[in-house]
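Quick note: the sequence shown uses the numbering used here, first residue 385, plus one each step. All C-beta atoms, glycine included, are put in the ideal place defined by N, C-alpha and C. Remember, it's a predicted structure, so these values are computed and weren't measured experimentally. So the structure is just underneath, and the comments pick up after that.
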Amino acid sequence: MSDDRFEPYDDHGHAGRDHEKHEEHEGDGERPEDADTNADAGTHTGPGNGADGTRERDVPGRPGGGTDGPGDGTDPGDGPDRDAGAGRSARIPPPRASVEDTGQPLPAPAAAAMPEPLMLEHRVLKSLLGAWALAACAPEEAAAVEEHLGECGACADEALRLRDAVGLLQRPESLDLDPGLRTRVLETCLKRRPPRIPVPDWASAYDAETARLDALLQDFGDTEWHAPVRLRWYEADEAATRRTTVAGVIAHLLAVDGLVAAALGLPDPLGDLAPGQATPSARTEAFWRGAHAPPTRSVRAPWRAQTHDLVRTVSFTGSRAGRMPVSYGGYELPLHDAMLDRAFECWVHGEDIAEAVDYPYEPPTGRHLHGMVDLAARMLPAVLEARRQAGQEVSTERRLVEAGAPGRSLRLEIEGSGGGEWLIPLDSPAAKGSAEHEVAHIALDGSEFCRLAAGHVSPQEAAAGQVGDKAAIRDVLLAAASMSRI
């Protein structure tokens, strides 16, 4: 192997060897003709040549070395024949130095020239305010407008107003409509032109929630209609579930809404499939079993037509029909509470559907949510009595009181949208809630309390704040969860 191996270049090492060779030539008394003789023999002993007759590697920046400078192709030892000898290794140029490694300052970037403001009239500048607020002006025009805003207060106020309007147009929130938008639009329209046949207040929540759910369903394809949905509720103080599809949920709503339709004299959507026991779960199971095939998107049209018929009928009937009883099999509700109950279930199952297709779904408006909470709070004393008779009561501090007399009470505080306070009598449904006899206090968010009543939240996880009799608190939370059904 040749001794001419590649090594890192060392300026000091090369300088020392060159100096030694120079002193050797000066001391040996070599004559010019001897140098010519040596050149004819092919042996170079001048600077840059080794003692064995081989030429040292070229050093960048030295005469005769590299490919640049005076030594390129002019030195007798330079040229293509120099590297073609046997056993010679190819020259490897050192890496080119980066501009950051030289230590020299980098060139300063060219300064951007600021546009000169145009000399425009006031009316022209005022007409450009809208384009300026949208950042649609040319640089020269924008500079002219901004200079003018520092001098004209009226234009500055107008520019600020336009900028705020542009910010509203570019809000980063979801594109879904606010659930309260429909209510506000209807209220504004009805103030200007009252309806000839108004919808009763106690039916407005049902009207709004069915419209919201229908808007969610309108763009569903076959995949979404057959997406799996898990219905949840509480039964015997245990969580229960049932698996169905989006179309199956709408079939369930259609079947249970038929209870209200039958009370109003409208056709029963189940027809011959209607069971003898007219409970919500029995009607749903009968509808699911009696269908020739699993429900599909075709169930949407009859469900939506029935919701329109219900709202139209109660509107023609008027508010005096609000006390008409609606049978739920084991119990009855007045029509105004039944419509609120159906609005509540429509919202809860709307959330189930939205969760199945991974789509956001907001709670009802505060006014409608307050009505749903109020219905559940008014039903709690009767549910507590039914649980007491079934031996499911936990508290042993019951005190018998006369009907209408104050008794032990629990304060139910609902926070947020639809909030309020209710005193729940614990001893008897006929007792009166009393702040003087308050033994416990529960604080909950409005939508959280409704999800508890729907069986979507366990009693152990529902209460945000609890103070007082733990047994009474547990009784009320379990009673709220037991109001849920399929």
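Taking C-alpha atoms, which residue in 797, 744 and 717 lies nearest to residue 763?
Start at 1 with the first residue of the sequence shown, and residue 763 comes out as number 379. When each option's Cα is compared against that of residue 763, the closest is 717.
Whole angstroms is fine: what's the gap from residue 792's alpha carbon to residue 840's?
Working through the sequence shown from its first residue, we reach residue 792 at position 408. Working through the sequence shown from its first residue, we reach residue 840 at position 456. In a straight line, the C-alpha of residue 792 is about 28 angstroms away from that of residue 840.
Unbroken stretches of the alpha helix (DSSP H), 4 residues or longer, contained in the segment 747 to 779:
750 to 773
Going straight from the alpha carbon of residue 691 to that of residue 857, what length do you get?
Mapped onto the sequence shown, residue 691 falls at position 307. Mapped onto the sequence shown, residue 857 falls at position 473. Rounded to the nearest angstrom, the two C-alpha atoms are 37 angstroms apart.
Need the endpoints of the beta strand (DSSP E) that residue 535 sits in, please.
In the sequence shown, the residue the question calls residue 535 occupies position 151. Where residue 535 is concerned, there is no enclosing beta strand (DSSP E), given that its DSSP letter is neither H nor E.
Sub-7 angstroms separation of residue 526 and residue 504 beta-carbons
Position 142 of the sequence shown, counted from the first residue, corresponds to residue 526. Position 120 of the sequence shown, counted from the first residue, corresponds to residue 504. Cβ distance not < 7 angstroms, so residue 526 and residue 504 don't count as in contact.
With C-beta atoms as the reference, is residue 589 less than 7 angstroms away from residue 695?
As a first step, residue 589 must be located in the sequence shown, where it is residue number 205. As a first step, residue 695 must be located in the sequence shown, where it is residue number 311. Cβ atoms of residue 589 and residue 695: not closer than 7 angstroms.
In the DSSP assignment, what are the bridge partners of residue 793?
One-based indexing of the sequence shown puts residue 793 at position 409. Within the DSSP bridge table, the entry for residue 793 names 809 and 822 as partners.
Range of the contiguous beta strand (DSSP E) that encloses residue 614
Here residue 614 refers to the residue found at position 230 when the sequence shown is read from its first residue. Element bounds for residue 614: 612 to 619.
Find the nearest neighbour of residue 646 within the set 711, 675 and 616, judged by alpha-carbon distance.
Along the sequence shown, read from residue 1 onward, the residue named residue 646 stands at position 262. Out of 711, 675 and 616, 711 has the C-alpha closest to the C-alpha of residue 646.
Would you say the segment 561 to 577 touches the segment 718 to 726, given that touching needs at least three Cβ pairs under 8 angstroms?
no
Just verifying my parser: in three-state terms, what is the DSSP assignment at residue 418?
If you number the sequence shown from 1, residue 418 lands on position 34. Interpretation of residue 418 is limited by its pLDDT of 45, a score under 50 that renders its predicted location unreliable; no figure is taken from the coordinates.
Proximity to residue 531 [Cα-Cα], best of 545, 513, 548 and 547
By 1-based counting over the sequence shown, the position of residue 531 is 147. Here the closest residue by C-alpha is 513.
Report back the beta-carbon spacing between residue 517 and residue 547 to the nearest angstrom; my notes put them in contact at under 8 angstroms.
Here residue 517 refers to the residue found at position 133 when the sequence shown is read from its first residue. Here residue 547 refers to the residue found at position 163 when the sequence shown is read from its first residue. Going by Cβ atoms, the distance from residue 517 to residue 547 rounds to 5 angstroms, so yes, they are a contact pair.
Candidates 654, 681 and 583: closest to residue 669 by CA position:
Residue numbering aside, residue 669 sits at position 285 when the sequence shown is read from its first letter. Here the closest residue by C-alpha is 654.
Considering only residues of the same chain and omitting the five flanking positions on each side of residue 604, which have a CB-CB separation below 8 angstroms?
As a first step, residue 604 must be located in the sequence shown, where it is residue number 220. Cβ within range, chain order: 630, 681 and 741.
Tell me the rounded alpha-carbon separation between residue 608 and residue 633.
Looking up residue 608 in the sequence shown gives position 224. Looking up residue 633 in the sequence shown gives position 249. If you take the alpha carbons of residue 608 and residue 633, they lie about 12 angstroms apart.
By DSSP, does residue 642 sit in helix, in strand, or in coil?
Here the question's residue 642 lines up with position 258 in the sequence shown. Looking at residue 642 - three-state DSSP - the assignment turns out to be helix.
According to DSSP, is residue 851 part of a helix, a strand, or is it coil?
Translated into positions along the sequence shown, residue 851 becomes position 467. Note: residue 851 maps to strand in three-state DSSP.
Closest residue to residue 611 among 678, 842 and 584 (Cα-Cα distance):
Against the sequence shown, residue 611 aligns to sequence position 227. Of 678, 842 and 584, the residue nearest in Cα terms is 678.
Residue 653, enclosing beta strand (DSSP E) - first and last residue
Along the sequence shown, read from residue 1 onward, the residue named residue 653 stands at position 269. Run containing residue 653: none; DSSP gives neither H nor E here.
Out of 805, 521 and 683, which one is the CA nearest neighbour of residue 606?
In the sequence shown, the residue the question calls residue 606 occupies position 222. For residue 606, the nearest C-alpha among the options comes from 683.
Please work out which residues of its chain come closer than 6 angstroms, Cβ to Cβ, to residue 760, disregarding the five sequence neighbours upstream and downstream, and give them in chain order.
Translated into the one-based positions of the sequence shown, residue 760 becomes position 376. So the qualifying residues of the chain are 837.
Alpha carbons only, please: which of 534, 600 and 656 is nearest the one belonging to residue 675?
In the sequence shown, the residue the question calls residue 675 occupies position 291. The closest CA to that of residue 675, considering only 534, 600 and 656, is found on 656.
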